[in-house]
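In the working numbering, the protein residues as written are 328 to 530.
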């Protein structure tokens, strides 16, 4: 199940990267690939959930840490599925808009989102609580950049329509918050303690 989750994780990372890249460049090929991946992501998430339920039904009793791991896997898979859906929404927006391009100021945010997903995966693999906690700082930085992006008058972005900018910013905010939630699940899995890395008001 861990291997299946990590495969799903890497696939979702690729989807986010290509969706954001296509919005920057206006190229439709990466966006089309992202949209085409959605059914496979849904199938993979359902498969992971089925395997977890089968394990719980046939392998009891399970020690405490292993149980937390088993329960965390479908929750993380569900979060990844939602992130993939956000990426698909961004990809479809690119396909529906003639040569859309996000402003250069969004490039740092795109790279940060990739780092957040990658860091969450590494924290899960390495079982590293402190690494998972770094998502709180990254999430705050992401929301700071989003605030700057939204506060800048749209005439400063002549190549980007206001509608595209709004939809992109909300999609990127959702990816950032969901990545942080995954890190919180990793922390609980490792410590049996719930931690909120960022207060709800910035989500």
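Ideal Cβ positions, reconstructed from N, Cα and C, are used throughout, including at glycine.
Original post:
When DSSP labels each residue in this structure, what does residue 390 get in the three-state scheme?
Top reply: Position 63 of the chain shown, counting from 1, holds the residue named residue 390. In the three-state reduction of the DSSP assignment, residue 390 falls in the coil class.
**OP:** Figure out for me which residue from 466, 446, 467 has the closest Cα to the Cα of residue 457.
**Re:** Here residue 457 corresponds to residue number 130 of the chain shown, with the count starting at 1. With respect to the C-alpha of residue 457, the residue from 466, 446, 467 having the closest C-alpha is 446.
Original post:
For residue 342, which residues of its own chain have a beta-carbon under 7 Å away from its beta-carbon, when the five flanking residues on both sides are left out?
Top reply: What you label residue 342 is simply residue 15 of the chain shown in a count that begins at 1. Excluding positions up to five away in sequence, the list reads 361, 364, 411, 414.
Original post:
For the alpha helix (DSSP H) that residue 437 lies in, which residues bound it at each end?
Top reply: Within the chain shown, the letter at position 110 stands for residue 437. Element bounds for residue 437: 434 to 453.
**OP:** Measuring alpha carbon to alpha carbon, tell me which of 332, 339, 347 ends up nearest residue 377.
**Re:** Residue mapping note: residue 377 aligns to position 50 of the chain shown, counting from 1. Nearest option by C-alpha distance: 332.
Original post:
Counting Cβ pairs, one atom from each stretch, are 3 or more of them under 8 Å apart for the segment 369 to 384 and the segment 467 to 475?
Top reply: no
Original post:
In angstroms, rounded to a whole number, what distance separates the CA positions of residue 338 and residue 348?
Top reply: The residue you call residue 338 lines up with position 11 of the chain shown. The residue you call residue 348 lines up with position 21 of the chain shown. Spanning the two alpha carbons is a distance of roughly 15 Å.
Subject >> Straight-line gap, residue 408 to residue 384 (C-alpha atoms, nearest Å) >> reply: Counting from one through the chain shown, the residue named residue 408 turns up at place 81. Counting from one through the chain shown, the residue named residue 384 turns up at place 57. Approximately 24 Å between the Cα atoms of the pair.
Subject >> Opening and closing residue of the alpha helix (DSSP H) in which residue 499 lies >> reply: Residue numbering aside, residue 499 sits at position 172 when the chain shown is read from its first letter. Counting along the chain, the alpha helix (DSSP H) containing residue 499 begins and ends at 489 to 518.
Subject >> For residue 391 and residue 358, the rounded distance between their alpha carbons >> reply: What you label residue 358 is simply residue 31 of the chain shown in a count that begins at 1. What you label residue 391 is simply residue 64 of the chain shown in a count that begins at 1. Distance between the alpha carbons of residue 358 and residue 391: 42 Å.
Subject >> Residues of its chain near residue 396, where Cβ-Cβ distance is below 7 Å and the 5 sequence neighbours each way are ignored >> reply: Here residue 396 corresponds to residue number 69 of the chain shown, with the count starting at 1. Within the same chain, residue 396 has close Cβ partners 516.
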